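Novice: Residue numbers for the sequence shown follow this note's numbering, beginning at 5 and rising by one.
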Amino acid sequence: MKLWSYWRSSCAYRVRITLGLKGLPYEYQPVHLIRDGGQQHRPEFSAVNPLRQVPALEVDEANVTLVQSMAIIEYLDERYPKPPLLPQSALDRAHVRALAELVNSGIQPLQNTSTFNELKKHGIDHEAWARLFITQGLTALEQLAAARAGAFLFEDTVSLADVYLVPQLYNARRWGVPLDAFPSLTRADQNAQALPAFSEAAPEAQVDAEPT
Ligand SMILES: N[C@@H](CCC(=O)N[C@@H](CS)C(=O)NCC(=O)O)C(=O)O
5 MKLWSYWRSS CAYRVRITLG LKGLPYEYQP VHLIRDGGQQ HRPEFSAVNP
55 LRQVPALEVD EANVTLVQSM AIIEYLDERY PKPPLLPQSA LDRAHVRALA
105 ELVNSGIQPL QNTSTFNELK KHGIDHEAWA RLFITQGLTA LEQLAAARAG
155 AFLFEDTVSL ADVYLVPQLY NARRWGVPLD AFPSLTRADQ NAQALPAFSE
205 AAPEAQVDAE PT
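1) State the CB to CB distance for the pair Ala104 and Leu189, rounded to an integer number of angstroms; the pair is presumed to be in contact (CB under 8 angstroms).
2) Out of Leu114, Ala144, Leu145, which one is the CA nearest neighbour of His130?
3) Is the Cβ-Cβ distance between Ser14 and Gln210 less than 8 angstroms?
4) The alpha helix (DSSP H) with Tyr174 in it runs from where to where?
5) Leaving out five residues before and five after Ile77 in sequence, what residues of the same chain have Cβ atoms less than 6 angstroms from its Cβ?
6) Just the C-alpha distance for Arg20 and Ile128, rounded to the nearest angstrom, thanks.
7) Cβ of Gln33 within 7 angstroms of any heavy atom in ligand 1?
8) DSSP three-state call for Lys124: helix, strand or coil?
9) What residues are listed by DSSP as bridge partners for Trp8?
10) Taking contact to mean 3 or more Cβ pairs, one atom from each stretch, closer than 8 angstroms, check whether the region 188 to 208 and the region 153 to 167 are in contact.
11) Count the other C-beta atoms from every protein chain shown that fall within 10 angstroms of the C-beta of Ile38, then say buried if there are 16 or more, exposed otherwise.
12) Following the continuous beta strand (DSSP E) through Thr69, name the residue where it begins and the one where it ends.
13) State yes or no: is the C-beta of Thr22 nearer than 7 angstroms to some heavy atom of ligand 1?
14) Going by other Cβ atoms of all chains shown within 10 Å of its Cβ, with 16 needed for buried, is Arg12 buried or exposed?
15) Once the 5 residues before and after Leu28 are set aside, which same chain residues still bring their CB inside 8 angstroms of it?
16) Quick check: Gln44 and Val58, are their CB atoms within less than 8 angstroms of each other?
17) Taking the beta carbon of Gly41 as the centre, do at least 16 other beta carbons fall within 10 Å, making it buried, or is it exposed?
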């Protein structure tokens, strides 16, 4: 398999974690989201993903390239079911998907590179914007998760929710969001980061990582 990725992309980070959890080897194809005006805008990449975003994953069947982290991760979970990323019951699966979706559609799009570029054009402080929406989102995530959180965001087993949480907390730290008010989130993050699939997927561990 081949993963189009950028070391600091939280969305590609989710797929890297999943590939690690499933024990799947892959080729890493860097797409620099800043350099040259953003390599995601090159025709060879927009042919892969018309929305010009990483991740994209070329899978090893039917010469297909998948886009959208949720679709990619659910595909990997269905095709390589061990360890499962979703719980047994339909109700629990809905809860775990809601936790992941809160990050996927409720936080990350508001702190995306293209969003920041537009804010800058309008003279808006994108860092304050990022802190505001990440804080609001994580506050909601803590409330939604707390009752059923354990060692991980859903009970005591790694799930899709942790795959979305850890990269989002990486971004929160990057933009200086205080995390003291989110004990369920930080506990799950700490336990997940102790696992090789998470530490090996970390931005700083990627071949295209840059000094910060
Ligand atoms: N919903 C998409 C979002 C993908 C996305 O926003 N990717 C970001 C990096 S995390 C990106 O490539 N941004 C490029 C840009 O905004 O120009 C997914 O989960 O895959």
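C-beta atoms are modelled at their ideal positions from N, C-alpha and C, and glycine is treated no differently.
Only a predicted model underlies this, so the values are computations on that prediction, with no experimental measurement involved.
Specialist: In brief:
1) Actually they do not touch by this definition, with Cβ atoms about 13 angstroms apart.
2) Leu114
3) no
4) 164 to 178
5) Thr22
6) 32 angstroms
7) no
8) helix
9) Gln33, Ala60
10) yes
11) exposed
12) 69 to 71
13) no
14) buried
15) Met5, Leu80, Tyr84
16) yes
17) exposed
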